[in-house]
Structure formats: structure tokens, C-alpha cells
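**Student:**
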């Protein structure tokens with residue numbers, strides 16, 4: 001047997017290496033082969049050296065394993081004496097392999113002192129214990145023989161403790177729960193071997209320590225088929241290469257696009273879609289709608305994946321269904337994750353997805369897609385599907401508008417005027433989102449501008465607020481009111497999408513909340529249980545978990561819920577009179593809600609100090625007017641109340657019998673005495689106290705009001721004197737806001753159009769209505785159920801003009817980009833001028849390490865600006881190239897996702913692949929953008 005001892009794998013000093021090499025050169029080392037029928041001599045030698053199986057388990061053993069490899073049924077193991085182990089030599093070897101550790105990791109932890117001992121032994125043995133070869137330097141030096149323990153030897157944890165902990169970890173238990181379980185089992189002596197445990201000679205322990213966390217996680221990753229000792233990019237390369245021993249067909253089948261980072265300028269790209277996700281994409285997104293959005297910070301922040309894009313469709317239960325997952329790294333020169341998240345890479349990955357689905361199903365063409373205001377996503381989508389109807393999420397739209405208002409109103413001034421103008425703008429925004437005619441929407445802006453111009457000219461104390469409001473109107477009109485862009489975010493766009501898909505407009509999703517919800521569930525539920533002490537996952541672990549665990553669980557859960565619902569319907573079908581109980585319950589629930597609303601839609605007077613205070617404020621500004629009682633027999637007063645929002649007023653009625661009503665949304669949905677009715681009551685109570693009219697009934701609860709309404713059919717009013725006139729008020733136009741509010745509400749739009757105060761951080765997605773002026777009675781986000789015929793009429797109108805709407809989405813994206821370029825230039829020009837002056841005055845800039853990069857960026861910008869300024873002035877700015885890849889490597893066959901450039905010939909040898917571009921850890925920042 002011609003075998004050489006691998007002594008260069010020993011961790012030894014240069015002097016030790018020279019001495020050992022000299023021993024081998026002189027052939028003074030020990031080497032012996034053993035036949036299977038002559039094992040006694042080998043067994044005795046290993047026992048004498050302390051390397052028999054039992055001695056190896058002894059904690060006081062001087063030997064430690066330096067290398068181990070397996071070939072067939074034989075294992076080759078290199079043992080080194082602890083007194084010859086040099087930690088400095090190990091540090092140099094591992095740093096040469098780019099393995100980084102902390103300073104404490106390099107401190108000597110071997111139980112025995114360093115004596116420069118040369119002893120080492122290499123053994124080849126089979127699984128049945130048969131030894132075939134022993135070689136090495138067997139003699140220890142004198143200092144080694146005389147040495148004693150100077151540190152505690154590491155005591156291994158019993159395997160049963162690992163088994164229990166791994167089971168808990170699989171179930172999502174935290175480290176704290178694992179430690180608690182470990183303590184309980186030790187106290188109850190439930191681990192294997194504890195009955196015969198002899199503490200004085202034991203070579204294992206049962207207590208789970210913090211130092212065991214890493215070993216536990218390594219075992220956990222090994223159980224799911226991942227080698228944590230390999231670099232993440234090497235693991236992914238091995239899983240997807242059919243010639244690799246670690247090839248995983250299940251992962252390869254789910255990956256429809258993969259590109260390793262071979263060169264510095266390359267990106268790491270991988271796109272995932274399981275067969276079940278492909279079926280869902282074809283079923284729910286083809287000739288229908290889907291959502292596209294990105295999220296960051298889902299895996300290791302130091303080996304970053306730049307974006308995780310989730311095309312998401314909506315199933316028949318109106319639930320979001322993830323249909324694809326795109327992961328890619330930032331470019332090498334990017335200083336932040338989002339810096340290289342551009343249209344070009346999204347176009348490439350979306351093309352790969354489209355090609356895969358077309359290869360599998362013949363065609364794949366969504367009719368509508370909703371995104372946030374990101375031009376990169378929108379530009380990529382229309383590059384792939386030029387005729388798609390591209391919608392903008394209403395939440396992100398309102399976030400941009402709110403950010404604009406917040407920036408404009410950051411000044412000291414009278415709060416009354418700031419609130420008034422802010423509320424005016426807020427009301428206008430609601431009307432714009434609900435608009436279905438572009439000319440009418442423009443007219444709304446002109447009307448509000450005229451109102452603010454009057455404030456500017458006639459109210460000096462409100463001048464600054466009016467100027468801010470006019471500036472916000474300019475921002476809305478110049479940017480957001482371009483026809484093609486208006487079609488993307490207005491109610492018109494939803495109607496157009498409904499007409500194209502041929503579904504009721506209620507089925508068109510208005511926000512990206514389905515996808516945002518899935519992102520949250522993915523991070524907080526599925527990934528959370530796999531985090532190592534809160535640290536983000538390695539991206540190779542993320543990929544294998546997504547394919548083998550998380551995505552199958554998501555679909556399995558959906559399937560189980562649907563099967564359970566179907567079983568319940570079938571189980572009680574006959575008992576329900578051959579009716580589908582789920583559908584019946586939906587109808588009954590809607591009917592009950594409407595009946596409950598009707599029952600609540602009576603006037604009762606509970607104790608509400610806040611509402612009373614607001615009612616007094618209404619009286620102070622004299623918003624109640626036009627009080628009348630023209631029909632004396634009805635014993636009912638009527639009046640009108642101006643809203644705090646311009647051009648809106650509500651109609652009030654209050655009867656001596658206790659009946660009352662108001663046309664505000666709060667009373668419509670919830671009933672009870674709103675602040676307008678309470679203000680009206682204060683006026684009537686004043687007349688009663690002066691003997692001008694008889695006392696009124698004021699029921700204090702809902703039940704009393706309902707009983708009173710049922711038992712009374714009207715009384716005659718007697719003894720009413722002439723009522724004093726209120727001061728004259730300026731006539732208010734009939735409001736069209738209710739029209740638009742109802743129109744939007746008919747779509748069952750779950751997006752809340754209200755927002756937080758402009759002085760607060762920003763908008764939140766929730767199901768409660770938030771208003772900006774505290775006037776919750778007048779919130780335009782309230783759901784109003786009315787006017788179904790309007791929706792049908794507009795839907796038919798959209799059907800008639802649908803062929804003409806497909807050419808505008810490129811214009812809309814170009815308009816967004818052009819406006820953003822203009823805004824960014826305005827922002828950076830002053831600083832560039834300042835930088836120009838600084839550089840002129842500088843005498844030495846050798847310390848400015850990023851000066852070269854600045855030059856490169858400016859050179860690139862100069863080239864692009866020159867290209868655009870040579871064209872006509874009205875030419876739209878162009879985004880990244882939309883050339884679509886046609887490589888068949890994008891098609892998802894069993895092995896086709898693995899690029900042809902990665903196909904080695906002959907014996908498998910992994911190609912050198914680079915890690916995704918590193919990036920320093922960053923915290924998520926709040927959005928303050930206005931575009």
C-alpha cells in the first residue's frame with residue numbers, strides 16, 4: 001500500500017515541520033500494513049498508544065483528530081498529540097483559507113501545554129473495526145510525557161440531548177425553551193444513560209450550555225441537507241450542478257433561473273418557483289392580475305441578496321398566493337442594497353419567469369399588475385408585457401402625497417390655517433383618487449387653487465399656509481395629473497382593469513397589502529423559527545428552507561383550509577336543504593351587517609365629553625345654519641351644518657319625540673348622536689330654557705332609541721314661539737364629495753384613505769379610519785354603501801374605450817422618471833456647486849479615497865446627459881435596455897436552470913464562484929419620498 005502520511009495538515013510550527021520532514025526523509029517513522037486475519041498486533045498497538053475505540057472517548061486523551069476522510073467503507077484518520085498542537089499555526093492556515101474568527105478563538109484551549117511534541121499517527125480502518133494501515137511518529141518527547149492537564153478538557157454533550165433539542169428546534173422552539181426542557185429532563189433523569197451515570201468517570205454531560213448552540217445549529221442544517229462548513233455560494237453551486245455529488249434535484253426543479261457570481265462585475269441571481277407555484281401563477285395570474293413588490297433584510301446582511309421580489313396573485317378566496325421569488329445580489333460597486341436594484345435586472349428575471357411559464361403552459365400574459373410607485377418595477381413590467389394595465393398602490397400613493405404635505409407645512413404659523421389648508425388638500429386627494437374623469441379631476445384642483453388664492457389675497461394670517469397649499473397643488477398637477485399616470489392610480493384604472501379581466505371591479509385589488517402581508521408572515525412566522533439567536537439566515541439556508549419547507553407549508557396550509565371548508569359544505573349540504581352553507585353564511589352575514597347598520601341608524605345620546613366639546617366648537621364658528629320648521633305638525637326641526645372641510649355640509653333633523661338624523665358618514669355607519677346633532681341640541685336646549693319651545697326627548701341608549709322609534713308615530717308641536725335668527729352665513733355649494741366617496745366604497749376598497757397627522761411620521765396600514773383634523777364624523781375613508789348603478793354605468797363606459805388605453809403606461813413611467821430626475825437634480829446641484837468650490841481651494845486630496853469613484857460617476861452621468869440633450873427636448877427619458885434574453889437556459893427543465901457555463905466535463909470539480917457582494921449592516925429607514 002503506497003500511502004503517505006498527510007503530516008502537512010498538522011497544526012505545527014515551522015521547526016516541528018522541518019523535524020518531521022527529516023524523520024520521513026530518513027524513513028525513521030513507523031509504518032505497518034495489517035491483513036484482516038492479523039488484527040491482534042494492530043489492536044495491541046492502538047491500545048498501547050491510547051487510540052483504541054474506548055481510549056478515544058477518554059476526556060484525558062492527548063490525541064485529537066486533525067483530518068478525517070472516507071473512501072468506500074474505509075476511513076482514514078490523522079491524530080495529533082495535544083502537546084504538539086500550535087494555535088498560531090492553525091490561525092495562519094485558516095486565514096489563508098479566508099476563515100475569519102475572533103481574537104478569543106485563537107487563544108490556546110488544548111488541555112495540555114505546548115511542548116513541541118512531534119507525535120502523530122494516521123490510521124486506516126473499516127467500519128467493522130478492521131485496521132489496514134498505521135503510520136506516523138509514535139514517540140512523545142520527554143516534556144510531553146511529564147506534562148499534566150492545565151485546562152479543563154471539553155466534555156461532549158450526550159447525543160440524546162441533541163436529539164431532543166433538534167426535535168424542539170424543528171418545531172420552532174427558541175433556545176430558551178430548549179434550555180428549559182433540558183433542565184426539566186435532567187431533574188427527572190429522562191435522558192438515555194442517566195440511570196447508570198457515574199459522575200467520577202463520565203465522559204459525557206447532559207447540561208445544554210451556550211457553547212453547544214453552534215453545534216446544535218450545524219446538526220440542524222445537516223438534517224435538512226446543508227453542509228454549514230461550506231461557503232454559501234459553494235453550497236448553491238453544488239445543489240444545482242447535476243455533476244456534483246451534492247446535487248439536489250428537488251431544488252434544481254424549483255429553480256428556473258440561476259447565475260453564479262464568477263467575475264467581479266457579475267451578480268448572484270436565483271429565481272424560485274415550485275411546480276405548485278407555477279400552477280398557481282397560470283391559474284390566478286394568467287389573463288388576470290398580480291402584485292409585484294420587493295423586500296430587503298431577509299437573509300445575512302453581510303452576504304446580501306439585494307432584493308426579494310414576490311410576484312403574488314390573488315386566488316378565488318381573495319387571498320394572496322406567492323407565485324415566484326427572485327433573489328439577487330447588489331453589484332460590486334454598490335454602496336447600499338438598493339443602489340443596484342434597477343429595471344435591467346428585474347426585466348431579466350421577469351423574462352425568465354415568463355419564459356418558464358410559456359414553455360410549460362403555452363402562454364402567460366397577465367392583464368393587470370399593481371405595484372408601489374417604484375419606477376424600476378413598473379418599467380420592467382411594461383418591458384415584458386407592453387399592454388398590461390399597470391396600477392399604483394393607493395397606500396404608497398397617499399404616502400407620497402402625505403410626505404409632500406409634511407415637507408411643505410414645516411413652518412411656524414397659526415395652527416388654525418395650517419389645519420384648514422391641510423384638511424382642504426386631504427379632501428381633494430380623496431376626491432382625486434375616486435375620480436373617473438380626468439377633466440373633472442383637473443377641475444377639482446383648479447377649484448381648490450381658487451379657494452387658496454382667495455385665502456392668500458384676503459387673509460394675511462393664512463398667507464403662508466395658502467402658499468404651501470398652492471405649492472402642493474402644483475406638485476399634484478405637474479406630476480401626478482399627467483393623463484397616463486392619473487389612469488394608474490385613480491378609480492378609472494381599477495375600472496379599466498376590471499373591464500379587461502371581465503370581473504366585477506370589487507375584484508381588482510387596490511393596494512399591495514396581500515404581498516406586504518405575505519412578506520410579514522414569511523419573516524415573522526416561517527423564517528423566525530430558523531434564526532440563530534436572532535441572526536439572519538445564510539442565503540444558502542434561506543434557499544433550501546424556501547424550497548423544501550416554507551413554500552410547501554404555505555401551499556399545504558392553503559390546501560388544508562380549502563379542503564376543510566369543502567368538507568364542511570359537503571358534510572352539511574343535505575341538512576341545509578341542499579344549500580352551500582359557506583355561501584349562505586356570506587349572504588346572511590352581509591344581510592345582518594346591513595340590518596345592524598339600519599338598527600344603529602337611530603339617534604341616542606350617550607355621555608361623550610369629547611363629542612360635546614367638538615359640538616361647542618361648531619357653535620363657536622357658527623357652522624349650524626338654515627334652521628327651519630316649515631311643517632308645524634311634524635314637530636321636527638331641520639338644519640344644515642358646514643363641515644370643517646371646504647364645500648361640504650350635512651343635513652340635520654331633530655324631533656321632539658327623540659328621533660334625529662344626520663347625513664354625515666359617522667351617523668350613517670354607526671348611528672348615535674354625532675357632534676353635529678349635539679351642536680343642534682345645544683341650540684334647541686337654549687330655546688327650551690327660554691320657554692320658546694316644549695321639552696324634547698333624548699334617549700340615552702340604543703335600545704331606548706329603538707323602542708321610542710317603534711312606539712311613536714309623531715306628535716304635534718305646540719307653543720313654539722318665533723325663533724331667533726342666526727347670523728347670516730356664506731352659501732356653500734352642493735358637495736360632490738359624497739358621490740366620489742360612495743363610488744370608491746362600492747369597490748369594497750380595504751385601503752384606508754385617511755392618514756395620520758401630517759406632523760407625525762407617516763401613514764400606517766390598518767383597518768381603522770384615521771383623520772387629520774380629529775373630525776372623525778366626516779372621515780372620507782368611511783365605507784358608504786350606495787349608488788350601484790353608477791358603478792355599472794362607468795364599467796360599461798370603460799369597456800367601450802378599453803382598446804385606447806394600452807399605449808400610455810410607458811409615458812407614465814417616463815413621466816415619473818423625468819420628474820424624479822428633475823427633483824434629484826434640484827436637490828444635489830447646490831451641494832455640487834459647494835463641492836466644486838471646495839475642490840478648487842484644496843491643495844491635497846490624497847486622503848479623499850472616494851474621489852476616483854466620484855469621477856467615474858460624474859463621467860457616466862456626463863455621457864448619459866449628453867445623449868439625452870442631443871435628442872429633442874420633449875423626448876422622454878429612457879430606462880435601462882429592455883432587450884429580452886432568449887437563452888434556453890431560462891427554461892425550467894430538470895437541469896436547465898444550471899447555466900451552460902457551469903457544466904464541467906469529466907470528474908466533478910466545483911467552479912470558483914464568488915460570494916454575493918458584501919455590504920455593511922444597515923437599518924431599515926422610513927420612507928419620506930414624494931414620488
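Residue numbers (UniProt numbering): 1 to 931. Just so it is clear, CB atoms sit at the ideal spot from N, CA and C, and this is done for glycine as well.
Flag this pair as yes or no: are the beta carbons of residue 391 and residue 462 separated by less than 8 Å?
**Tutor:** It is not a contact, given that the beta carbons lie outside the stated cut-off.
**Student:** What are the start and end residues of the alpha helix (DSSP H) that includes residue 275?
**Tutor:** Segment 275-284, the alpha helix (DSSP H) holding residue 275.
**Student:** Leaving out the 5 sequence neighbours to the left and right, which residues in its chain are closer than 7 Å to residue 936 when beta-carbon positions are compared?
**Tutor:** The chain is shown only over 1 to 931; residue 936 falls outside these bounds and no answer can be derived.
**Student:** What's the gap between the Cα of residue 16 and the Cα of residue 117?
**Tutor:** Going from the Cα of residue 16 to the Cα of residue 117 covers about 8 Å.
**Student:** Decide if residue 541 is buried, meaning its Cβ has at least 16 other Cβ atoms within 10 Å, or exposed.
**Tutor:** That one is buried.
**Student:** For residue 701, which residues in the same chain have their Cβ closer than 8 Å to its Cβ, ignoring the five residues on either side in sequence?
**Tutor:** The answer, listed in chain order, is 604, 606.
**Student:** Nearest by alpha-carbon distance to residue 475: which of 176, 505, 407 is it?
**Tutor:** Per the Cα distances, 407.
**Student:** Please classify residue 411 as buried or exposed, where buried requires at least 16 neighbouring CB atoms within 10 angstroms.
**Tutor:** Exposed, since its Cβ has fewer than 16 Cβ neighbours within 10 Å.
**Student:** Hey, which unbroken runs of the beta strand (DSSP E) at 3 residues or more fall wholly within the region 51-84?
**Tutor:** The region 51-84 contains these whole beta strand (DSSP E) runs: 63-71, 74-81.
**Student:** Taking the Cβ atom as the reference point for each residue, do residue 131 and residue 120 lie within a distance shorter than 8 Å?
**Tutor:** Not closer than 8 Å, so no.
**Student:** In terms of residues, what are the limits of the alpha helix (DSSP H) holding residue 379?
**Tutor:** Segment 375-384, the alpha helix (DSSP H) holding residue 379.
**Student:** Across the region 551-566 and the region 274-287, are there enough close Cβ pairs to call them in contact, namely three or more that are closer than 8 Å?
**Tutor:** With a cut-off of 8 Å, the region 274-287 and the region 551-566 count as touching, because enough Cβ pairs lie within range.
**Student:** The beta strand (DSSP E) with residue 3 in it runs from where to where?
**Tutor:** Residue 3 -> no beta strand (DSSP E), and no H or E assigned at all.
**Student:** Per DSSP, what are the beta-bridge partners of residue 391 in this structure?
**Tutor:** Residue 391 pairs with 370.
**Student:** May I have the straight-line CA-CA distance separating residue 173 from residue 210, to the nearest angstrom?
**Tutor:** When rounded, the distance between both Cα atoms is 16 Å.
**Student:** Anyone know if the C-beta pair for residue 347 and residue 384 falls short of 8 Å?
**Tutor:** Yes.
**Student:** From the DSSP output, in three-state form, read off residue 407 for me.
**Tutor:** Reduced to three states, the DSSP call for residue 407 is helix.
**Student:** Quick one: Cα of residue 147 to Cα of residue 112, how far?
**Tutor:** Distance between the alpha carbons of residue 147 and residue 112: 7 Å.
**Student:** For the beta strand (DSSP E) that contains residue 258, what are its first and last residues?
**Tutor:** Residue 258 -> beta strand (DSSP E) spans 255-259.
**Student:** Hey, out of 538, 699, 656, 691, whose CA is closest to residue 671's CA?
**Tutor:** Residue 671 has its Cα closest to that of 699, out of 538, 699, 656, 691.
**Student:** Please return the same chain residues whose Cβ sits closer than 7 Å to the Cβ of residue 418, not counting the five positions on each side in sequence.
**Tutor:** Excluding sequence neighbours, residue 418 sits near 409, 465.
**Student:** Between residue 162 and residue 216, what straight-line distance do the alpha-carbon atoms span, to the nearest angstrom?
**Tutor:** Cα-Cα distance, rounded: 7 Å.
**Student:** In the DSSP assignment, find the alpha helix (DSSP H) that holds residue 637 and state where it starts and stops.
**Tutor:** Taken as a continuous stretch (DSSP letters only), residue 637 belongs to no alpha helix (DSSP H), being part of the beta strand (DSSP E) at 636-642.
**Student:** The beta strand (DSSP E) spanning residue 701 covers which residue range?
**Tutor:** Taken as a continuous stretch (DSSP letters only), residue 701 belongs to no beta strand (DSSP E), as it is neither H nor E.
**Student:** Whose C-beta lies closer than 8 Å to the C-beta of residue 453 among residues of the same chain, with five residues either side of it excluded?
**Tutor:** Excluding sequence neighbours, residue 453 sits near 466, 470.
**Student:** Just to confirm the assignment, what range does the beta strand (DSSP E) spanning residue 296 have?
**Tutor:** No beta strand (DSSP E) contains residue 296, which DSSP labels as neither H nor E.
**Student:** Would you check if the distance between the CB atom of residue 232 and the CB atom of residue 538 is smaller than 8 Å?
**Tutor:** Yes, the Cβ-Cβ distance between residue 232 and residue 538 is below 8 Å.
**Student:** Using the three-state DSSP reduction, which class does residue 188 fall into: helix, strand or coil?
**Tutor:** Correct three-state label for residue 188: helix.
**Student:** By DSSP's criteria, residue 653 is part of a beta bridge. Which residues make up the other side?
**Tutor:** Answer is 638, 661, bridged to residue 653.
**Student:** Apart from the five residues on each side of it in sequence, which residues of its chain come closer than 8 Å, Cβ to Cβ, to residue 247?
**Tutor:** Cβ within range, chain order: 238, 239, 240, 241.
**Student:** On the three-pair Cβ rule with 8 Å, is the region 647-666 touching the region 560-572?
**Tutor:** No, they do not touch.
**Student:** Among residues of its own chain, excluding the 5 on either side of residue 719, which ones have a beta-carbon nearer than 8 Å to its beta-carbon?
**Tutor:** Annotation note: pLDDT 36 at residue 719 (below 50); position unreliable, no value reported.
**Student:** How close, in whole Å, do the beta carbons of residue 87 and residue 106 come, if the pair is a contact with beta carbons under 8 Å?
**Tutor:** Between residue 106 and residue 87 the Cβ distance is about 6 Å, and since that is below 8 Å, they are a contact.
**Student:** Quick one: residues in its chain with C-beta nearer than 8 Å to the C-beta of residue 371, no 5 flanking neighbours on either side, listed in chain order?
**Tutor:** Same-chain partners within the cutoff: 291, 292, 293, 377, 378, 381, 390, 391, 392, 393, 512.
**Student:** Apply the 10 Å Cβ neighbour rule to residue 572 and answer buried if 16 or more other Cβ atoms are within range, or exposed otherwise.
**Tutor:** Its Cβ having fewer than 16 others within 10 Å, residue 572 is exposed.
**Student:** Strictly by DSSP, which residues pair up with residue 135?
**Tutor:** Per DSSP, 31, 122.
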